[in-house]
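Student:
Numbering (the working numbering), first residue to last: 647 to 1360.
(1) Could you check whether the Cβ of residue 1042 sits closer than 9 Å to any Cβ belonging to chain D?
(2) Please report the distance separating the alpha-carbon of residue 1255 from that of residue 1295.
(3) What three-state label does DSSP hand residue 1064 in the structure shown?
(4) When the Cα of residue 1168 is compared with those of 657, 675 and 688, which residue comes out closest?
(5) Assuming residue 986 contacts residue 1054 (C-beta within less than 8 Å), just tell me the rounded distance between them.
(6) Below 9 Å between beta carbons: does that hold for residue 1175 and residue 757?
(7) Assuming residue 1104 and residue 1057 make a contact with CB atoms under 8 Å, what is their CB distance in whole Å?
(8) Name the two residues that bound the continuous beta strand (DSSP E) containing residue 745.
(9) Using three-state DSSP, classify residue 906 as helix, strand or coil.
(10) Between the C-alpha atoms of residue 1000 and residue 813, what's the straight-line distance to the nearest angstrom?
(11) Over what stretch of residues does the alpha helix (DSSP H) that includes residue 870 continue unbroken?
(12) Does DSSP put residue 991 in a helix, in a strand, or in coil?
(13) Consult DSSP for residue 728 and reduce its assignment to one of helix, strand or coil.
(14) Pull up the distance between the alpha-carbon of residue 1150 and that of residue 931, whole angstroms please.
(15) Where DSSP assigns a beta bridge to residue 881, which residues make up the other side?
(16) Do you know offhand how far residue 654's Cα is from residue 1124's?
(17) Going by CA-CA distance only, name the one from 841, 868, 827 and 864 that's closest to residue 851.
(18) Return helix, strand or coil for residue 941, following the three-state DSSP convention.
(19) Kindly list the residues whose CB is nearer than 6 Å to the CB of residue 600, restricted to its own chain and excluding five residues on each side of it in sequence; keep chain order.
(20) If you measure between the beta carbons of residue 793 and residue 765, is that distance less than 9 Å?
(21) State yes or no: is the C-beta of residue 770 within less than 9 Å of the C-beta of residue 1021?
(22) At 4 residues or longer, and completely inside the stretch 1085-1121: list those alpha helix (DSSP H) runs for me, N to C.
(23) Please report the straight-line C-alpha distance between residue 738 and residue 750, rounded to a whole angstrom.
(24) Please name the residue in 799, 1307, 1138 and 1110 whose C-alpha comes closest to that of residue 1193.
(25) Would you please state the rounded distance, in angstroms, between the beta carbons of residue 1052 and residue 1038? I believe it to be under 8 Å.
(26) Reducing DSSP to helix, strand and coil, say where residue 1129 ends up.
(27) Cutting at 8 Å between CB atoms, please list the residues of its own chain near residue 704, excluding the five before and the five after it.
(28) Provide the residue span of the alpha helix (DSSP H) that contains residue 1044, from first to last.
(29) Where do the N-terminal and C-terminal ends of the beta strand (DSSP E) with residue 1334 fall, by residue?
(30) Keeping to the same chain, check which residues put their C-beta closer than 8 Å to that of residue 651; ignore five residues upstream and five downstream.
(31) Just to confirm before moving on: does the CB-CB distance between residue 683 and residue 1337 stay below 9 Å?
(32) Would you mind reading off the limits of the beta strand (DSSP E) that contains residue 1359?
(33) Count the other CB atoms, across all protein chains shown, that sit within 10 Å of the CB of residue 829; report buried if there are 16 or more and exposed otherwise.
(34) Which residues in the same chain have their Cβ closer than 7 Å to the Cβ of residue 841, if we skip the five residues on either side of it in sequence?
(35) I think residue 1302 touches residue 1317, with their Cβ atoms under 8 Å apart; what is that distance to the nearest whole Å?
(36) Please state if the CB of residue 706 and the CB of residue 727 are separated by a distance shorter than 9 Å.
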């Protein structure tokens, strides 16, 4: 429906451009959004406010012209101007109910579109060095990358998920040498293990596997391994004022490099045995870990396979005039493309740099014909973006094809304390450990619950708690309650559901505010998926699910189970009868772990624990009596309505903040300015609601978010 409204607005703009009201070159950058408050319609557009400057008119005046130029849109009952110039669109009842038919007809395909069908996208993510098991920081990149790829597929794109295996770099040499030194230890040699080597027990396990296969075939004298190797780093016993280690002597980097060189020289080709054994063991562990986490890849791309591609990339850059020699090194002129300085691609010893490998890898990606390339990196690689884009442009390609998404670090908290981790020290919490503790669902959800560039404090205690504060539990609980209603409670009421067939229902019975809110939220799902995919923001889907679950829980707070009836048939007696039946939704879980909803959904007060607080609004002033001799027509009785009075604030900002919180709970809210005793107050209210029952539903919804209110009858 939003597409149809957008098309109608575009048509109106074209008409106004033809009439000279809007410039012919005006570009429509307006937004069409779903409203939070149903009284403001179903959709709202800010087009008049965006275009008012170009038209030289006040927004409301331009909105009038846009409305007049709008073609008729099927299923829109009316459009009206609100506030400073918003145009609100109201769906007719049939269109609101249409989402139920769409969901039943499309099943699991509901929400999917073909909006990005023309795109072929490569998403490269995780790509952690295969030098240790994945830790909780890698887990965020894994969950985020997989979810972004899945969302893009849901919008019709062809997506390749790729893991870049860094199997040819220095870190792999450090791991291979660490394994060789452990091998020597396990065969009876005494040595001082380097501080910069990989310390974890998994290194010993890899070394033992080589002993099991080949025995002591690769043993060499330790003295030869350590011959002429620079001294390892030595630290002072006490830390400095900032808590850092104080170096007394030695160099850990030169020390490990010397050991790598000697190990390679002493055992020659056999060095590959340790290199490959370590690579295979760690990579197999990573694949198993990610597979259990639901993260899969179309391709595991080996850095070692890029040898020829590196030569091709450097040759292309040289032919295009973007390489030069200085101090024996070969440099890339990245400053000509906006980088802060030129970059070395080949050292004087003939070895190419990591950057040269990255240039070759991206050349390979570009040659595969993708319309879009997405790299997901850790936030510490931010400075790397400009040089990679510079290389792409220098190779003769368009760097706009590359999108780099940065993932912030994760802090793991347990018992109120942050857990430290370091891969070489071996003291780290693995992704596998995290998954075992909180489960795959909770881990994936909390990893993507915020924008990727925002830091996450992962609270393990919260992730395993069974409360509304745990978003995963809150959402899964709603799903469990739906299934319980369909599979258990419906048959008890003599209602049968065949999940393989479309249900026979009367949508006109869905008249409660809470029900129409759920319908509107369901209808928004395809838009949420598309917006989340195009912005690479999976947290939008997570927020949507929390809001949908909140609406459903709020509905069941009022009536845990009852056949849906029109408003006129709902009575307090019927309510009492239904809620006193033997139905407990929390039978799904141990009751001591779940706070059950009370038999009466109506909130209790200290003064009267069994009734809802209903405050009568001040009576209207008496009207002037009719003139004698004239018969005055009897006034039409006005149906009572109800509002929630939340709180009054002395400043408008606090009131507006509370109003926003209420709207985020899916309810309408307004701020009313009043003056009492010479003091200006800003009163926050929600409503109006056409029945006490509807007001109670809203009140319970706010209570679940820690917002107290009273029901006021008007």
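Note that beta-carbon positions come from the ideal geometry of N, C-alpha and C, so glycine has one too.
Tutor: Taking the structure as given:
(1) Among the chains of the structure shown, chain D does not appear; only one protein chain is present.
(2) Low confidence applies to residue 1255: its pLDDT is 33, below 50, so where it sits in the model is not reliable, and the reading given next is rough at best. Their backbone Cα atoms lie some 28 Å apart in a straight line.
(3) For residue 1064, the three-state secondary structure derived from DSSP is strand.
(4) Residue 1168 has its Cα closest to that of 688, out of 657, 675 and 688.
(5) The beta-carbon distance between residue 986 and residue 1054, rounded to whole angstroms, is 23 Å. This is too long to meet the 8 Å contact definition.
(6) Taking 9 Å as the Cβ cut-off, residue 1175 and residue 757 qualify as a contacting pair.
(7) Taking the Cβ atoms as the reference, residue 1104 lies roughly 7 Å from residue 1057, within the contact range of under 8 Å.
(8) No beta strand (DSSP E) contains residue 745, which is instead part of the alpha helix (DSSP H) from 739-752.
(9) In this structure, residue 906 counts as helix in the three-state DSSP scheme.
(10) The straight-line gap from Cα to Cα measures roughly 12 Å.
(11) Segment 868-871, the alpha helix (DSSP H) holding residue 870.
(12) Of the three classes helix, strand and coil, the one that applies to residue 991 here is strand, per DSSP.
(13) Here residue 728 carries a strand assignment [DSSP, helix/strand/coil].
(14) C-alpha separation (whole angstroms): 50 Å.
(15) Beta-bridge partners assigned by DSSP to residue 881: 893.
(16) In this structure, the alpha-carbon of residue 654 lies about 37 Å from that of residue 1124.
(17) Its Cα nearest to that of residue 851, the residue 827 stands out among 841, 868, 827 and 864.
(18) Coil, per DSSP.
(19) Because the chain here runs from 647 to 1360, residue 600 falls outside it and cannot be looked at.
(20) Note that the C-beta distance between residue 793 and residue 765 is not below 9 Å.
(21) Yes; because the gap between Cβ atoms is below 9 Å, this pair is in contact.
(22) Counting only runs of 4 or more, we get 1086-1093 and 1106-1109.
(23) Using only the alpha carbons, I get a separation of about 20 Å.
(24) The shortest C-alpha to C-alpha distance from residue 1193 to any of 799, 1307, 1138 and 1110 is the one to 1307.
(25) Incorrect: roughly 18 Å between the Cβ atoms, too far for contact.
(26) In this structure, residue 1129 counts as helix in the three-state DSSP scheme.
(27) Correct list, in chain order: 698 and 731.
(28) Here residue 1044 belongs to no alpha helix (DSSP H), and DSSP marks it neither H nor E.
(29) 1325-1335 is the extent of the beta strand (DSSP E) around residue 1334.
(30) So the list reads 678, 689, 691, 719, 722 and 735, once near-sequence residues are dropped.
(31) No, these two residues do not count as a Cβ contact at 9 Å.
(32) Per DSSP, the unbroken beta strand (DSSP E) holding residue 1359 starts and ends at 1356-1359.
(33) Residue environment: residue 829 is assigned as buried (16 or more neighbouring CB atoms within 10 Å of its CB, all protein chains considered).
(34) Hits under 7 Å: 878, 879 and 898.
(35) That belief holds up - the Cβ atoms of residue 1302 and residue 1317 are roughly 6 Å apart, short of 8 Å.
(36) Yes, the pair counts as a contact, with Cβ atoms nearer than the cut-off.
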